[in-house]
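J.: Residue numbers (the numbering used here): 147 to 207.
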Amino acid sequence: YKGNAYGMANTLMQTAFLRPNLKSKKVKNLFFTGQLTVPGPGVPPSLISGKLVAELINNLN
């Protein structure tokens, strides 16, 4: 009910810089990567989101 078969719901509040954060606000140490997070859809942005999350995890120590 909050998305569709291809990912998130196609709403204005889930596009561009309003996409979900890379770090969960509800679950400690839960991170998200891929085309449905920042910076956006496609293979290169998905790789960038993985790199950003890796940097976030490295900075925890």
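Ideal Cβ placement from N, Cα and C applies to all residues, glycine included.
For a test of the three-state rule: what should DSSP assign to Gly180, helix, strand or coil?
T.: To locate residue 180, count along the sequence shown from 1; it is residue 34. The answer is coil: DSSP assigns Gly180 none of H, G, I, E or B.
J.: Between Thr179 and Ile194, what straight-line distance do the alpha-carbon atoms span, to the nearest angstrom?
T.: Your numbering for residue 179 matches position 33 in the sequence shown. Your numbering for residue 194 matches position 48 in the sequence shown. Rounded to the nearest angstrom, the two C-alpha atoms are 9 Å apart.
J.: Beta-carbon separation of Leu182 and Met159 under 8 Å?
T.: Along the sequence shown, read from residue 1 onward, the residue named residue 182 stands at position 36. Along the sequence shown, read from residue 1 onward, the residue named residue 159 stands at position 13. No, these two residues do not count as a Cβ contact at 8 Å.
J.: In angstroms with no decimal places, state the Cα-to-Cα distance between Ala200 and Pro190.
T.: Within the sequence shown, the letter at position 54 stands for residue 200. Within the sequence shown, the letter at position 44 stands for residue 190. Roughly 15 Å between the two C-alpha positions.
J.: Just to confirm the assignment, what range does the alpha helix (DSSP H) spanning Ala155 have?
T.: Position 9 of the sequence shown, counted from the start, is the residue given in the question as residue 155. Ala155 -> no alpha helix (DSSP H), and no H or E assigned at all.
J.: From which residue to which residue does the alpha helix (DSSP H) around Lys197 run?
T.: In the sequence shown, the residue the question calls residue 197 occupies position 51. Here the alpha helix (DSSP H) through Lys197 covers 189-205.
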